[in-house]
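These protein sequence lines map, in sequence, to chains A and B. Numbering-wise (this note's numbering), the first sequence opens with residue 7 and increments by one. Numbering-wise (this note's numbering), the second sequence opens with residue 7 and increments by one. Worksheet: one structure, shown below.
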Amino acid sequence: MDHVARTPSAEAHDRALFEEEALGHADQLYRIALRLSGSTQTAEELVQETYLRALRAWRSYRPGTNLAAWLATILRNAYLDEARRRSRRPATEPLDDESEYFLYDQLSGGRLEGPQEALMSKLTNDAILQSLEEVPEHFREAVVLVDIGDFSYQEAADILDVPIGTVMSRLHRGRRQLKRALASHAIDGGEDPKRA
Amino acid sequence: MIAEPCKGVEHRLQAYLDRALTPEEVSLIEVHLGECQYCRQRYHFEAQLRTTVKTVCCGDPVPGDLVDRVRLAIRQSA
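Printed below as a string of structure tokens:
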């Protein structure tokens with residue numbers, strides 16, 4: 007039984023230690039939260055909620071283990087709870103069997119290529135952010151953690167509580183779907199029925 | 007018709023960018039990229055795409071008082 011009362015000074019010490027070690031990850035958590043939720047307000051609420059939950063669970067954190075991944079796990083659970091409250095449904099999962107290079111092929115128009123900058127300039131910041139939001143949630147989580155949050159496959163697997171092979175598969179499909187969305191939002195990228 | 011070695015590179019390119027290949031696989035890919043302009047251009051595009059997506063997606067400013075507000079929330083919860 008672990009109901010031993012903590013003295014106020016011990017609690018203050020715990021909290022000070024927590025603030026010192028955990029708050030340094032706030033920026034990284036915020037960026038992940040923003041890319042998961044798509045809303046600055048929700049992202050900030052999620053970060054606050056994450057830290058409150060993390061503080062409550064602080065004594066279960068083992069010093070020396072991966073604090074960023076531990077916090078990201080809590081953030082992800084907070085996000086799932088929030089998404090459940092809003093009844094956000096994961097989108098359908100289209101199959102992807104295109105060439106790895108279909109975005110490149112589309113942007114270059116099949117012509118002999120010019121400089122990379124010219125191709126990349128067809129992808130505006132808004133198009134990139136919008137495209138990421140369109141990636142179905144399961145796949146987006148993997149892309150956000152690995153490609154944006156800099157977590158390894160294994161860390162992402164721990165955070166998402168799935169096998170590493172599942173992370174790799176979701177990452178693969180998430181990147182494909184991101185590229186598909188980018189193709190539809192690229193400047194001169196053909197028709198975009200959503201914006202018609 | 008795409009040559010067989012190019013297909014191999016295409017198949018492994020994302021894992022290569024993830025640094026998830028064996029040294030032997032890395033070596034095979036790098037030798038091929040050195041020889042094949044078709045694959046090299048596509049490799050550069052894929053690498054640049056990742057960098058661009060990451061830069062844009064991390065580009066939103068984090069609210070300057072985020073940490074202060076979290077700290078306040080933590081202390082109020084005590």
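Note that beta-carbon positions come from the ideal geometry of N, C-alpha and C, so glycine has one too. Remember, predicted model here, so these are calculated numbers, not experimental data.
CA nearest to the CA of residue i, picked from the options
i	options	result
Ala-49/A	Ile-80/B, Val-76/B, Gly-40/B, Cys-12/B	Val-76/B
Glu-106/A	Tyr-49/B, Ile-80/B, Ala-79/B	Tyr-49/B
Ala-9/B	Ala-21/B, Gln-43/B, Ala-26/B	Gln-43/B
Gly-44/A	Cys-63/B, Pro-69/B, Gln-20/B, Leu-23/B	Cys-63/B
Gly-30/A	Gln-82/B, Asp-74/B, Leu-34/B, Glu-52/B	Asp-74/B
His-19/A	Leu-166/A, Ile-165/A, Leu-61/A	Leu-61/A
Phe-54/B	Thr-46/A, Val-168/A, Met-174/A, Glu-123/A	Checking the displayed sequence, the identity of residue 54/B turns out to be Gln instead of Phe. Checked all of Thr-46/A, Val-168/A, Met-174/A, Glu-123/A; the closest Cα to Gln-54/B is Glu-123/A.
Gly-155/A	Gln-47/A, Gly-70/A, Glu-51/A, Arg-41/A	Arg-41/A
Arg-68/A	Thr-46/A, Ile-193/A, Leu-23/A	Leu-23/A
Leu-73/A	Gln-47/A, Glu-26/A, Asp-87/A, Leu-86/A	Glu-26/A
Gly-70/B	Thr-46/A, Leu-177/A, Gly-115/A	Thr-46/A
Under 7 Å between C-beta atoms of residue i and residue j
i	j	result
Arg-92/A	Phe-145/A	no
Ala-28/A	Thr-56/A	no
Leu-109/A	Lys-185/A	yes
Leu-188/A	Ser-83/B	no
Glu-52/B	Leu-19/B	yes
Tyr-159/A	Val-173/A	yes
Leu-86/A	Ala-192/A	no
Contacts around residue i, its chain only, beta-carbon distance under 8 Å, and the 5 residues preceding and following it disregarded
i	result
Val-53/A	Ala-32, Leu-35, Tyr-36, Ala-39, Leu-81
Ile-165/A	Ala-75, Ala-78, Thr-79, Arg-82, Leu-151, Phe-157
Pro-96/A	At Pro-96/A, the pLDDT of 46 sits below 50, so the modelled position is not reliable and the matter cannot be decided from this model.
Thr-98/A	With a pLDDT of only 45 at Thr-98/A, under 50, the local geometry of the prediction cannot be trusted, and the value read off the model is given with reservation. Correct list, in chain order: Pro-142.
Ala-163/A	Pro-169, Ile-170, Thr-172, Val-173
Pro-29/B	none
Residues near residue i in its chain [Cβ-Cβ closer than 7 Å; skip 5 each side]
i	result
Cys-45/B	Cys-12, Val-15, His-38, Leu-39
Arg-181/A	Val-149
Residues near residue i by beta carbon distance below 6 Å, same chain, minus five either side
i	result
Glu-161/A	Ala-75
Arg-21/A	none
Tyr-22/B	Ile-35
Asp-66/B	none
Met-7/A	Legend: pLDDT at Met-7/A = 45, less than 50; position of this residue unreliable, value from coordinates given subsequently. Around Met-7/A: no qualifying Cβ.
beta-carbon residue i near the ligand ADP non-hydrogen atom, thresh 6 Å
i	result
Asn-83/A	The ligand ADP is not part of this structure, which contains no ligands at all.
By the 8 Å beta-carbon criterion, what residues does the stretch 154 to 173 of chain A contribute toward chain B? Ile-154, Tyr-159
Closer than 8 Å between beta carbons: that is the criterion. Which residues of the stretch 15 to 32 of chain B meet it against chain A? Glu-16, His-17, Leu-19, Gln-20, Asp-24, Ala-26
Can you confirm whether the stretch 13 to 28 of chain A touches the stretch 123 to 134 of chain A when touching is taken to mean that 3 or more C-beta pairs between the two stretches lie within less than 8 Å? No, they do not touch.
Flag this pair as touching only if the stretch 57 to 66 of chain B and the stretch 134 to 142 of chain A have three or more C-beta atom pairs under 8 Å; answer yes or no. yes
Of all the residues that make up the stretch 25 to 37 of chain A, which are near chain B by a beta-carbon distance shorter than 8 Å? Residues are counted here when their Cβ sits less than 8 Å from a Cβ of chain B; for the stretch 25 to 37 of chain A these are Glu-25, Leu-29, Ala-32, Asp-33, Tyr-36, Arg-37, given in chain order.
Report the residues of the stretch 39 to 73 of chain B with a CB closer than 8 Å to any CB of chain A, ordered along the chain. Hits within the stretch, in order: Gln-47, Arg-48, His-50, Phe-51, Glu-52, Gln-54, Leu-55, Arg-56, Thr-58, Val-59, Lys-60, Val-62, Cys-63, Cys-64, Gly-65, Asp-66, Val-68, Pro-69, Leu-72, Val-73.
Which residues of the stretch 52 to 64 of chain A have a Cβ closer than 7 Å to any Cβ of chain B? Give them in chain order. Val-53, Gln-54, Tyr-57, Leu-58, Leu-61
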